[in-house]
Amino acid sequence: MQTVEKDKYQIETFEDILNVLREKPDWREELRRIILTDDLMNLPKRFEIFIRDDFKPLQVKVDKIEQDVGVLKQDVGVLKQDVGVLKQDVGVLKQDVGVLKQDVEVLKQDVEVLKQDVEVLKQDVASLKESDFERTVREKAPAYFGRLIRRCRVISFETLADKLEDAVDISLISDKDKDNALLLDAVVSGKLKTGKDIILAVEISLKVDVEDVQRAAQRADIVSKALRTETIGVAIGKDRTQKAEVKAEELNVILI
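Mapping of the sequence shown onto our numbering: residues 1 to 256, in sequence order.
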């Protein structure tokens, strides 16, 4: 058999070897086993195993990652849109804050004006209360001064003005004194328990202070000179200061 094979194939060149191997697969396989190591021989089989056991699962994972990356890209796109909307919202918010600051500034100004108005209102209310108290004292003079004098009568300011002008004419008082005395809140005439005529020069205030006491004493002195009748200064109020009490004792002014 070997002789036949030898006679059949004439091998003189490398090409002759290749031709024989093409015609003889079993020779080719035997030659491969001789030339190649076991590792190299097993490489195709191992590669198939790799493709089956490792590569395909890896490909699945890669495909999954690609899908996840696609979803992530979509999410990033949505996020960019959301960020764009957020920037617009922030811009609108800044504008709204600017308007709010202006409104707050206007509100502060309005509050300041309101405070001023309230202060004026307080003063007006206090003035009205004092005016009402003065009117009440004049209308009910006997109730307030009955403990001091009898036959209590309020002298009208017209009558007082006439008497003061007469006193100016005969130089008992000056024009300045007359004007000062006419600023009294009330002038009351009556009699003491002894029967002696007496006049009360009255200053009326919700809360009597030192200035009220001083005015009552000063104006009582003017009325006394003008009417040539003993006149006592009186300061009447719903409350009084401690300094007013000290000054009243000093100037002989009666506090009610």
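Each residue gets a CB set at the ideal place from its N, CA and C atoms; glycine is no exception.
Cβ pair count under 8 Å reaching 3, the region 217–236 against the region 188–204: yes
Exposure of G190, with buried meaning 16 or more beta-carbon neighbours within 10 Å: buried
Classify L184 as buried or exposed, calling it buried when 16 or more other Cβ atoms lie within 10 Å of its own Cβ. buried
Answer with buried or exposed for I170, where buried requires no fewer than 16 other C-beta atoms within 10 angstroms of its C-beta. Per the 10 Å Cβ criterion, exposed.
If you reduce the DSSP assignment to three classes, tell me which class S224 lands in. helix
Assumed close pair L164, K178 - CB separation to whole angstroms, cut-off 8 Å: 4 Å
For A138 and K115, what's the separation of their Cα atoms in angstroms? Reading the sequence as shown, one finds Arg at residue 138 and not Ala. Between R138 and K115, the C-alpha separation is close to 34 Å.
Any idea if K247 is buried or exposed, counting beta-carbon neighbours within 10 angstroms, 16 or more meaning buried? It counts as buried.
Which same chain residues, not among the five before or five after D209, have their C-beta less than 6 Å away from its C-beta? So the list reads T241, A244, once near-sequence residues are dropped.
If we ignore side chains and look at the alpha-carbon of each, how far apart do K129 and V223 end up? 27 Å
State the DSSP-derived secondary structure class of S171, mapped to helix, strand or coil. coil
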